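Take a look at the structure:
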(Lines of atoms letter the chains of each structure in order from A; the text may use other names.)
(Lines give C-alpha, C1' and ligand atoms only; values in the text may rest on other atoms or scores of the structure.)
Protein backbone atom coordinates (compact mmCIF):
# COMPACT_ATOMS: atom_id res chain seq x y z
CA UNK A 52 0.00 0.00 0.00
CA UNK A 53 1.11 3.54 -0.65
CA UNK A 54 1.25 6.20 2.04
CA UNK A 55 -1.86 7.82 0.52
CA UNK A 56 -3.74 4.51 0.62
CA UNK A 57 -2.65 3.97 4.23
CA UNK A 58 -3.84 7.47 5.15
CA UNK A 59 -7.23 6.91 3.50
CA UNK A 60 -7.60 3.52 5.18
CA UNK A 61 -6.91 5.14 8.56
CA UNK A 62 -9.51 7.84 7.91
CA UNK A 63 -12.05 5.20 7.01
CA UNK A 64 -11.31 2.80 9.86
CA UNK A 65 -10.53 5.14 12.75
CA UNK A 66 -12.65 8.16 11.91
CA UNK A 67 -15.47 6.56 9.94
CA UNK A 68 -15.07 9.07 7.12
CA UNK A 69 -17.72 8.95 4.41
CA UNK A 70 -16.78 7.77 0.92
CA UNK A 71 -17.17 11.27 -0.55
CA UNK A 72 -14.85 12.63 2.13
CA UNK A 73 -12.28 9.95 1.34
CA UNK A 74 -12.46 10.78 -2.37
CA UNK A 75 -11.98 14.48 -1.61
CA UNK A 76 -9.00 13.78 0.66
CA UNK A 77 -7.48 11.55 -2.02
CA UNK A 78 -7.81 14.27 -4.67
CA UNK A 79 -6.39 16.91 -2.33
CA UNK A 80 -3.41 14.79 -1.29
CA UNK A 81 -2.63 13.76 -4.87
CA UNK A 82 -2.84 17.43 -5.98
CA UNK A 83 -0.51 18.43 -3.15
CA UNK A 84 2.00 15.71 -4.04
CA UNK A 85 1.91 16.86 -7.69
CA UNK A 86 2.52 20.44 -6.51
CA UNK A 87 5.51 19.31 -4.46
CA UNK A 88 6.88 17.37 -7.42
CA UNK A 89 6.61 20.50 -9.60
CA UNK A 90 8.82 22.26 -7.03
CA UNK A 91 11.36 19.44 -7.04
CA UNK A 92 10.29 18.16 -3.62
CA UNK A 93 8.32 15.27 -2.18
CA UNK A 94 6.47 14.58 1.07
CA UNK A 95 9.73 13.65 2.80
CA UNK A 96 11.94 16.52 1.63
CA UNK A 97 9.31 19.30 1.69
CA UNK A 98 10.26 22.33 3.74
CA UNK A 99 8.01 24.90 5.38
CA UNK A 100 8.54 27.11 2.31
CA UNK A 101 7.10 24.34 0.12
CA UNK A 102 4.07 23.98 2.36
CA UNK A 103 3.11 27.65 2.44
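Numbering (the working numbering), first residue to last: 52 to 103.
Glycine included, C-beta positions come from ideal geometry on N, C-alpha and C.
None of the values given here were measured: they were computed from a predicted structure.
Exercise. Out of curiosity, what's the CA-to-CA distance linking residue 68 and residue 62?
Worked result: Rounded to whole angstroms, residue 68 and residue 62 show a C-alpha spacing of 6 Å.
For this session: Given a cut-off of 9 Å, decide if residue 59 and residue 76 are closer than it, judged by their beta-carbon atoms.
Result: Yes, these two residues count as a Cβ contact at 9 Å.
For this session: In angstroms with no decimal places, state the Cα-to-Cα distance between residue 70 and residue 64.
Result: Using only the alpha carbons, I get a separation of about 12 Å.
Exercise. Who are the near neighbours of residue 92 in its chain, counting only those whose CB is closer than 8 Å to its CB and skipping five residues on each side?
Worked result: Correct list, in chain order: 98, 101.
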